[in-house]
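Since the structure comes first, as structure tokens, the remarks are kept for the end.
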Amino acid sequence: DADLASRFLLGPAYASVSDGFAEARSRYAVSTDISSILVALGGTDARGNLPALLGSLLPLLQTPVEICVLSVRPISMDAPDHVKLTWVWLDQDSLAQRMPDFDLAILGGGTMLLQTACVGIPTLSWPQTTGQQRHAAAWESKDAVIAIKGLDALAAALSRLQSPRLRLQLSRAGRSVVDGLGASRIAACLCSMLEE
262 DADLASRFLL
272 GPAYASVSDG
282 FAEARSRYAV
292 STDISSILVA
302 LGGTDARGNL
312 PALLGSLLPL
322 LQTPVEICVL
332 SVRPISMDAP
342 DHVKLTWVWL
352 DQDSLAQRMP
362 DFDLAILGGG
372 TMLLQTACVG
382 IPTLSWPQTT
392 GQQRHAAAWE
402 SKDAVIAIKG
412 LDALAAALSR
422 LQSPRLRLQL
432 SRAGRSVVDG
442 LGASRIAACL
452 CSMLEE
């Protein structure tokens, strides 16, 4: 039935993230400073917006920071001396292991929001599609992310995110929405249906 299918496919209570993210959640703590930022706009960055994002972000960073960019295609880009820019492509298990290293995530508006929410990483979302805009707006309505509509809003959002208190609020809100146990709930529900 359609209602049952929507329980599995929609809604944070049934969000399915790999076990590694739930484990990373147990190791994560919100830092007082931002020294490591995860940046990702989807595996292929189909719209090619990653250079524009980095071009807007790099001049805003005034203190030493490492930016880890998830991308299948590294881009040649100059960074200030105090910014360490690394390009990686990680499978889900490796990404989950690295998650506790990040003080902030800057993402599109896709499913990776589930992963950062589960771990508790304060997240800034720049949605890339209409669907992602709706997704990010739903997260923002729960105070679990800060969403921007364009790069002209990046500086103000990043300035707000300097507040450890705000980052802690975002972390707690994200963790309250996704606990990483959705796969177990789905399995338990399927098992109970089979017993009926």
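For the sequence shown, this note's numbering assigns the number 262 to the initial residue and increments by one for each residue that follows.
Beta carbons are placed, not taken as given, at the ideal position from N, Cα and C, and that holds for glycine.
Neighbour-count burial assignment, L451, 16 or more Cβ in a 10 Å radius: Here L451 is exposed: its Cβ has fewer than 16 other Cβ atoms, across all protein chains shown, within 10 Å.
Cβ atoms of T384 and G443: under 8 Å apart, would you say? For G443 and T384, no; Cβs fall outside 8 Å.
Apart from the five residues just before and just after A340, which ones in its own chain have a Cβ nearer than 7 Å to its Cβ? Answer for A340: L319 and L346, listed in chain order.
Looking at C-beta atoms only, is the number of pairs between the segment 388–405 and the segment 362–376 that lie closer than 8 Å three or more? Touching, per the Cβ criterion.
By Cβ distance, which residues of its chain are closer than 6 Å to A387, with the 5 residues on each side in sequence left out? Going by the sequence as given, residue 387 is Trp instead of Ala. Excluding sequence neighbours, W387 sits near I409.
Residue nearest to L419 in terms of C-alpha spacing, selected from A448, S317 and A378: Out of A448, S317 and A378, S317 has the C-alpha closest to the C-alpha of L419.
Could you check the C-alpha separation between I382 and V278 for me, to the nearest Å? Roughly 15 Å separates the two Cα atoms.
Inter-residue spacing [alpha-carbon to alpha-carbon] between S297 and V344: In a straight line, the C-alpha of S297 is about 10 Å away from that of V344.
Using the C-alpha atoms, what's the distance from S445 back to Q353? Taking the Cα positions, Q353 is about 18 Å away from S445.
Do you know whose CA, among L415, L368, L412 and A416, lies nearest Q393's CA? Of the candidates L415, L368, L412 and A416, the one whose C-alpha sits nearest the C-alpha of Q393 is L368.
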